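Inspection log for the structure reproduced underneath, given as structure tokens.
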Amino acid sequence: QKLKLDSFGKGIFNSVAKDSTWSMKFGLRMQYLTTIGLDADENSHFDFDPNNLKTDTKVRRYRLKFDGFVLSPKLKYKIELGMSNNDTGSANEYTKLGPKLILDAVLKWNFYKNLELWAGQTKLPGNRERVISSANMQLVDRSLLNKEFTLDRDMGFQLRNHHTIGKQFLIREVFAITQGEGRNITTGNVGGQQYTSRVEVLPFGAFTSKGDYSGGDLKREPTQKLSIGATYNHNDRASRQRGSQGSIIEIIIDNDKPEDDVFATTDVNTSFVDFMYKYKGYSAMGEFAYRNADDTKLGSKPVKVGKGYNLATGYLFKNNYEIAARYTQIDYKGVANTTEQYTVGVSKYIVGHALKIQTDLSYTTVDYASKGLQYRIQFEVHF
Amino acid sequence: QKLKLDSFGKGIFNSVAKDSTWSMKFGLRMQYLTTIGLDADENSHFDFDPNNLKTDTKVRRYRLKFDGFVLSPKLKYKIELGMSNNDTGSANEYTKLGPKLILDAVLKWNFYKNLELWAGQTKLPGNRERVISSANMQLVDRSLLNKEFTLDRDMGFQLRNHHTIGKQFLIREVFAITQGEGRNITTGNVGGQQYTSRVEVLPFGAFTSKGDYSGGDLKREPTQKLSIGATYNHNDRASRQRGSQGSIIEIIIDNDKPEDDVFATTDVNTSFVDFMYKYKGYSAMGEFAYRNADDTKLGSKPVKVGKGYNLATGYLFKNNYEIAARYTQIDYKGVANTTEQYTVGVSKYIVGHALKIQTDLSYTTVDYASKGLQYRIQFEVHF
Amino acid sequence: QKLKLDSFGKGIFNSVAKDSTWSMKFGLRMQYLTTIGLDADENSHFDFDPNNLKTDTKVRRYRLKFDGFVLSPKLKYKIELGMSNNDTGSANEYTKLGPKLILDAVLKWNFYKNLELWAGQTKLPGNRERVISSANMQLVDRSLLNKEFTLDRDMGFQLRNHHTIGKQFLIREVFAITQGEGRNITTGNVGGQQYTSRVEVLPFGAFTSKGDYSGGDLKREPTQKLSIGATYNHNDRASRQRGSQGSIIEIIIDNDKPEDDVFATTDVNTSFVDFMYKYKGYSAMGEFAYRNADDTKLGSKPVKVGKGYNLATGYLFKNNYEIAARYTQIDYKGVANTTEQYTVGVSKYIVGHALKIQTDLSYTTVDYASKGLQYRIQFEVHF
Chain W
1269 QKLKLDSFGK
1279 GIFNSVAKDS
1289 TWSMKFGLRM
1299 QYLTTIGLDA
1309 DENSHFDFDP
1319 NNLKTDTKVR
1329 RYRLKFDGFV
1339 LSPKLKYKIE
1349 LGMSNNDTGS
1359 ANEYTKLGPK
1369 LILDAVLKWN
1379 FYKNLELWAG
1389 QTKLPGNRER
1399 VISSANMQLV
1409 DRSLLNKEFT
1419 LDRDMGFQLR
1429 NHHTIGKQFL
1439 IREVFAITQG
1449 EGRNITTGNV
1459 GGQQYTSRVE
1469 VLPFGAFTSK
1479 GDYSGGDLKR
1489 EPTQKLSIGA
1499 TYNHNDRASR
1509 QRGSQGSIIE
1519 IIIDNDKPED
1529 DVFATTDVNT
1539 SFVDFMYKYK
1549 GYSAMGEFAY
1559 RNADDTKLGS
1569 KPVKVGKGYN
1579 LATGYLFKNN
1589 YEIAARYTQI
1599 DYKGVANTTE
1609 QYTVGVSKYI
1619 VGHALKIQTD
1629 LSYTTVDYAS
1639 KGLQYRIQFE
1649 VHF
Chain B
1269 QKLKLDSFGK
1279 GIFNSVAKDS
1289 TWSMKFGLRM
1299 QYLTTIGLDA
1309 DENSHFDFDP
1319 NNLKTDTKVR
1329 RYRLKFDGFV
1339 LSPKLKYKIE
1349 LGMSNNDTGS
1359 ANEYTKLGPK
1369 LILDAVLKWN
1379 FYKNLELWAG
1389 QTKLPGNRER
1399 VISSANMQLV
1409 DRSLLNKEFT
1419 LDRDMGFQLR
1429 NHHTIGKQFL
1439 IREVFAITQG
1449 EGRNITTGNV
1459 GGQQYTSRVE
1469 VLPFGAFTSK
1479 GDYSGGDLKR
1489 EPTQKLSIGA
1499 TYNHNDRASR
1509 QRGSQGSIIE
1519 IIIDNDKPED
1529 DVFATTDVNT
1539 SFVDFMYKYK
1549 GYSAMGEFAY
1559 RNADDTKLGS
1569 KPVKVGKGYN
1579 LATGYLFKNN
1589 YEIAARYTQI
1599 DYKGVANTTE
1609 QYTVGVSKYI
1619 VGHALKIQTD
1629 LSYTTVDYAS
1639 KGLQYRIQFE
1649 VHF
Chain U
1269 QKLKLDSFGK
1279 GIFNSVAKDS
1289 TWSMKFGLRM
1299 QYLTTIGLDA
1309 DENSHFDFDP
1319 NNLKTDTKVR
1329 RYRLKFDGFV
1339 LSPKLKYKIE
1349 LGMSNNDTGS
1359 ANEYTKLGPK
1369 LILDAVLKWN
1379 FYKNLELWAG
1389 QTKLPGNRER
1399 VISSANMQLV
1409 DRSLLNKEFT
1419 LDRDMGFQLR
1429 NHHTIGKQFL
1439 IREVFAITQG
1449 EGRNITTGNV
1459 GGQQYTSRVE
1469 VLPFGAFTSK
1479 GDYSGGDLKR
1489 EPTQKLSIGA
1499 TYNHNDRASR
1509 QRGSQGSIIE
1519 IIIDNDKPED
1529 DVFATTDVNT
1539 SFVDFMYKYK
1549 GYSAMGEFAY
1559 RNADDTKLGS
1569 KPVKVGKGYN
1579 LATGYLFKNN
1589 YEIAARYTQI
1599 DYKGVANTTE
1609 QYTVGVSKYI
1619 VGHALKIQTD
1629 LSYTTVDYAS
1639 KGLQYRIQFE
1649 VHF
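Chains as they are written, first to last, in our numbering: chain W, 1269 to 1651; chain B, 1269 to 1651; chain U, 1269 to 1651.
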């Protein structure tokens, strides 16, 4: 005898207490990725000798997810654990030498009208690409902009609100105070806290099924939908090259106990402007990012300052094949070069984002000279 | 359609086989902790400049729990996995450089009358505070006594018995033979085994819902309840500063294969006397600990010998708010100082220990001079 | 109220969607192992002083398992996660310094008749002993042959077919192209791919309940069953001492980014011939292994080349006790010695392989001189 459950893609274990005191949905998802890369030679030419190809196959992401409510639907929780070696990142003395298994562990309390207080570890309201789940991407992976500028996750508090002006003009506001050191740090805060504000306007109302935070127009919006967002982030006395992320700028005093280490710190500011547009299977997304620091020369690994932008667009055919393209440009100051990346991709959504095959091809240049080619194919299954 | 489950706090997945050949309860719990600390300066004064505050926010504990029986209710099992970086401790070459995910993995076989044989890894019958689950604590965390003297977990066997004299005078006995190296060690035993004996007397009978191993009198015992316990532990040729715990005393020969390393060892003895008292919302708990070693000068990090005690008390109001206080004193020999800690705390038990907010403030002195202040606030949810 | 589930040993959570779009079985298993060893002294004598005994108690294996189908029973998946420190192996810079939690993560697509395409990480079709689950072994653990020659797991693709000639003569073929670096590597492929072919013939038809890949004749085959298998494996420009496994032969250029490290590589070929025979409680299994390399002198840790074989046999009594014996011999070239190991064991299968106690005693010689004695006792429970 077997338990009878919901259709595929809606969670493995979807339960609610008989007395409605809590609920839980348990999900699981995984991504298999194969990458074939070719680096240009010193003359920026590509030599297509099979021996020059770099291949890489791996479980890119493997996640366990738990979400639901406690006591009342007004108190929700979300937990996500990563199990693949790519998920758990690099262990170091600031994470007790352990893998970073916990991605999200957050409580969301709707304490008044539309106001929600979030507490715990989760994504900051940074660039749109990052906040879109890695399960719901339009291309095989996020852009270089995200890699270089994302605020990623942090521990702390977020206050969220939304309201509608007139019939459908939707505005969302988020303000976050967080530790500023990134996820899974066990040795406490360095310098001051990190402050993040974000405003979004959706002049034509909410997207179908939260489509403003999902790649591709899988819901084929019958009317035009647009979201424009802007984020400002201030990391007070940050210790890392990308604020809360990346390598440590410099360790000044290395103690026996890592929680007593002393770091070079400087204030780091990061801003984003981004948008998402969808209409009848057509989608476009763009992001602009800018980072600066009070002291851009500090330490042996100074803060990476500069700007970047990207633009992605795609069209979903009736047969649930999608073609998409993306252009990304990164300009880091000091590091005197411009990186550009052109990506084209094809996706087959078998059961939406829950079961899909995606493939893309990227061409990267540095200062307008060829640097690398990369072909990727990825399979996603999401229970 | 959703599965219909039990009320909140009783496990996520509570199941039994149709033919009663096994059962399993699956639970999950997490603790979010924020700490704000202030160290005294060299003159033992506190300078309340915000820049001097040390803050730390983290997922303190994140656990998956499985328990139930196999074949017959007389053969029970308990498994607890830790997922937070604080849970998985520090990886080292004696744990295959891996995180210590497994907390408990133990079988409990009731083979004759009240006799139970336990096999596997679990907590030793050491000090009461340690054996109380970290989910059921009266203050935000355990005392300094526990930190310095606990026997914690180990791999091996425990024999447990209990009997009642007269109407209600309950006596419990435990004897354990374990490896003596602590949890999750993959490189085998060093020196001899570790032997632990514990006796408990409960003159007024068992506490309601195992309240002798739960912080605070949440069950508001209608009649007085008391438990007095005493533990004696002998670690034959121990290799660590606190017997089976803490830093290695000294590595004499460091081999390529960590299982062949040779260590400085000496016999270590640890004793505890403790009690728990509860009556109508009032509770008191006390512990005394004493550690000695055959050779107290051995190695570059000799065994930490000395004594400590603590006393905690609390009262639970009708509205499920509790106020509690704790005093702890630690005296290590050789290390010529006395550490004292005063803690006061307030807890709001929303759904008993399963959903609660706790906060406390601690003041620590060393040799009667101010050393540190620490404020903590913690949220616990326990499915 | 409790969920009503299947009998013990058939998975914890056995479910199928109401619309048959997916299924999942969730299982969990653990092994407790205690080992007592005695090394021979320099004169190859055993001194049975208790102080010379090396003891080791641990959670040997602790696994979470998920398997089922997606969309159609023709698209199956299998996931296995390891949680014990022994399971997660040694973290290193090629696994992002993280534990190797993922054992299997594989999709199996039956796309045409008996043809199946497997994609992901799982065991290669190497020696029979390895492919037999560690839950279903006849003795406490696998032989030295497996330790020295196994192909273990890898990332990539397998094509599998089977067909029957006449009434019952069953033939199976497998061909695999995989990365050749072993499991959970995050830094991509080194050298070329790894190619593995295997053919199996079962002249008397399939074993009951896949008994050709399970230790001991627990199904007491009423008629004789035999499987003979042969594997040939070619690892194109391998970087490790045992092909995809073991220590790195030599790092030639150690970059900051481990994915750019340059390694000494040489082609490595491994072959196996093995068989399984079962009849009325009696079972016999044998394996022969041979490894060679293009350049057997390369690097500071050259490829281990040589051969090995083992032979195991057992008889299951009516009361589900089994006695078994195994002989293993390993001859590594260059390393001028022959290792032999004699093992005898007794198992009590309480609920088949799902709940059992196993114990064995091994005697090892090197060049016909006594080297070591080892006694092991293991408990397995498999929900």
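C-beta atoms are modelled at their ideal positions from N, C-alpha and C, and glycine is treated no differently. All of these numbers come straight from a predicted model, not from anything done at the bench.
Using a C-beta cutoff of 8 Å, does N1655/B count as contacting chain W? Outside the displayed span of chain B (1269 to 1651) sits residue 1655/B, for which this structure offers no information.
Notebook entry, point to check: Quick one: Cα of M1292/U to Cα of F1281/U, how far?
Noted result: The residue given as residue 1292/U occupies position 24 in the third sequence. The residue given as residue 1281/U occupies position 13 in the third sequence. M1292/U and F1281/U: Cα-Cα distance of roughly 8 Å.
**Request:** To the nearest angstrom, report how far apart S1288/U and F1337/U are at their CA atoms.
**Result:** As a first step, residue 1288/U is located in the third sequence; it is residue number 20 there, counting from the start. As a first step, residue 1337/U is located in the third sequence; it is residue number 69 there, counting from the start. Looking at the two C-alpha atoms, the distance is approximately 9 Å.
Practice prompt. Excluding the 5 residues preceding and the 5 following T1491/W in the sequence, name in chain order all residues of the same chain whose CB lies nearer than 7 Å to its CB.
Written response: Here residue 1491/W is taken as the residue at index 223 of the first sequence, counted from 1. Hits under 7 Å: F1472.
| Can you tell which of K1381/B, F1417/B and R1398/B has the C-alpha that lies nearest to the C-alpha of I1598/B? | Residue 1598/B sits at position 330 when you count from the first residue of the second sequence. Answer by Cα proximity: F1417/B.
- prompt: How would you label L1470/B, buried or exposed, when you count the other beta carbons within 10 angstroms and need 16 or more for buried?
  reply: The residue given as residue 1470/B occupies position 202 in the second sequence. With 16 or more Cβ atoms within 10 Å of its Cβ, L1470/B is classed as buried.
### Query
Count the other CB atoms within 10 Å of the CB of Y1345/U; is the residue buried (16 or more) or exposed (fewer)?
Reading the third sequence from its first residue, position 77 is the one you call residue 1345/U. Buried, by the Cβ-count rule.
Under 8 Å, Cβ to Cβ, is there at least one residue of chain C near P1367/B? Here chain C cannot be found, since the structure's protein chains are W, B and U.
Q) What's the C-alpha gap between R1488/U and A1403/U? A) On the third sequence, residue 1488/U is found 220 positions in, with the first residue counted as 1. On the third sequence, residue 1403/U is found 135 positions in, with the first residue counted as 1. Going by the C-alpha atoms only, they are around 19 Å apart.
Do G1350/U and R1329/U have their beta-carbon atoms positioned less than 8 Å apart in this structure? Within the third sequence, numbered from 1, the residue matching residue 1329/U stands at position 61. Within the third sequence, numbered from 1, the residue matching residue 1350/U stands at position 82. Result yes, Cβ atoms of R1329/U and G1350/U sit closer than 8 Å.
TODO: Determine the direct distance from the alpha carbon of G1567/B to that of N1670/B, and round the result to whole angstroms.
DONE: This structure leaves residue 1670/B out entirely; chain B is present only between 1269 and 1651.
Does the contact criterion of 3 or more C-beta pairs under 8 Å hold for the region 1581–1594 of chain U versus the region 1513–1531 of chain U?
no
Between which residues of its own chain and S1465/W is the CB-CB distance below 6 Å, once the five residues before and five after are set aside? For the purposes of this step, residue 1465/W is taken as the residue at position 197 of the first sequence. Counting only Cβ-Cβ distances below 6 Å, and skipping sequence neighbours, we find F1443 and Y1500.
(Q) Less than 6 Å between C-beta atoms, sequence neighbours within five positions excluded: which residues of the same chain meet that for D1324/U? (A) By one-based count along the third sequence, residue 1324/U stands at place 56. Cβ neighbours of D1324/U beyond the five flanking positions: T1303.
field: Contact the region 1413–1427 of chain B vs the region 1371–1390 of chain B: 3+ CB pairs below 8 Å
entry: yes
* Asked: What in chain W is Cβ-close to F1314/U, meaning under 8 Å?
  -> Within the third sequence, the letter at position 46 stands for residue 1314/U. Those within 8 Å of F1314/U in chain W number zero; the least Cβ separation is about 39 Å.
In whole angstroms, what separates the C-alpha of I1433/W from that of K1381/W? In the first sequence, counting from the first residue as 1, residue 1433/W sits at position 165. In the first sequence, counting from the first residue as 1, residue 1381/W sits at position 113. Their backbone Cα atoms lie some 15 Å apart in a straight line.
Own chain partners of P1526/B with C-beta closer than 8 Å, once the 5 adjacent residues on each side are dropped: Along the second sequence, read from residue 1 onward, the residue named residue 1526/B stands at position 258. Correct list, in chain order: E1361, Y1362 and T1455.
**Message:** Between N1578/W, G1479/W, F1294/W and G1511/W, which has its C-alpha nearest Y1547/W's C-alpha?
**Reply:** Within the first sequence, residue 1547/W is the residue found at index 279, counting from 1. That would be G1479/W, whose Cα lies nearest to the Cα of Y1547/W.
Residue closest to A1561/W, alpha-carbon to alpha-carbon, out of V1612/W, S1283/W, Y1643/W and V1573/W:
Sequence index remark: in the first sequence, residue 1561/W carries index 293 (1-based). Of the candidates V1612/W, S1283/W, Y1643/W and V1573/W, the one whose C-alpha sits nearest the C-alpha of A1561/W is V1573/W.
In chain order, each alpha helix (DSSP H) run of at least 4 residues that lies wholly inside the region 1578–1648 of chain U: none
Neighbourhood of F1379/U by C-beta, 7 Å cutoff - its chain only, sequence neighbours within 5 removed:
Here residue 1379/U corresponds to residue number 111 of the third sequence, with the count starting at 1. For F1379/U, where only same-chain residues beyond five positions count, the Cβ hits under 7 Å are L1385.
Going by other Cβ atoms of all chains shown within 10 Å of its Cβ, with 16 needed for buried, is S1352/W buried or exposed? The residue labelled residue 1352/W in the question sits at position 84 within the first sequence. It counts as buried.
Mind pulling the chain U residues with CB within less than 7 Å of I1280/W?
For the purposes of this step, residue 1280/W is taken as residue 12 along the first sequence, with counting starting at 1. Those within 7 Å of I1280/W in chain U are M1292.
Check your understanding: Where does the unbroken beta strand (DSSP E) through F1425/W begin, and where does it stop?
Key -> As a first step, residue 1425/W is located in the first sequence; it is residue number 157 there, counting from the start. Counting along the chain, the beta strand (DSSP E) containing F1425/W begins and ends at R1421 to I1433.
Is R1451/W helix, strand or coil by DSSP?
Here residue 1451/W is taken as the residue at index 183 of the first sequence, counted from 1. The answer is coil: DSSP assigns R1451/W none of H, G, I, E or B.
Consider the Cβ of D1237/W: report whether some Cβ of chain U lies at a distance smaller than 8 Å.
Given a span of 1269 to 1651 for chain W in the structure shown, any question on residue 1237/W remains unanswerable.
I want to know whether the region 1446–1453 of chain W touches the region 1363–1374 of chain W - three or more CB-CB distances under 8 Å. yes
| What in chain U is Cβ-close to V1649/W, meaning under 8 Å? | The sequence position of residue 1649/W within the first sequence is 381, counting from 1. Within chain U, the residues near V1649/W are V1338, Y1345 and L1375.
Among V1374/U, A1308/U, L1321/U and N1311/U, whose alpha-carbon lies nearest the alpha-carbon of V1327/W? Counting from 1 along the first sequence, the entry for residue 1327/W is found at position 59. Ranking the options by Cα distance to V1327/W, first place goes to V1374/U.
Using a Cβ-Cβ cut-off of 6 Å (strictly less than) and excluding sequence neighbours within five positions of F1437/B, which residues of its own chain qualify? For the purposes of this step, residue 1437/B is identified with residue 169 of the second sequence, where counting begins at 1. Same-chain partners within the cutoff: P1471.
- Message: My output table needs one value for G1388/U: the three-state DSSP class, helix, strand or coil.
- Response: On the third sequence, position 120 is the one that residue 1388/U refers to. G1388/U: strand per DSSP, three-state reduction.
- Is the distance from the Cβ of E1397/U to the Cβ of L1371/U below 8 Å? Counted from its first residue, the third sequence places residue 1397/U at position 129. Counted from its first residue, the third sequence places residue 1371/U at position 103. Not closer than 8 Å, so no.
With the cut-off set at 8 Å, would you say Y1481/U and I1400/U are in Cβ contact? Your numbering for residue 1481/U matches position 213 in the third sequence. Your numbering for residue 1400/U matches position 132 in the third sequence. Yes, they are a contact pair.
Answer yes or no: does any C-beta atom of chain W fall closer than 8 Å to that of M1686/U? For chain U, the structure presents residues 1269 to 1651; residue 1686/U sits outside this window and is missing.
Quiz item: From which residue to which residue does the alpha helix (DSSP H) around N1503/W run?
Solution: The residue given as residue 1503/W occupies position 235 in the first sequence. No alpha helix (DSSP H) holds N1503/W; the beta strand (DSSP E) holding it covers K1493 to A1506.
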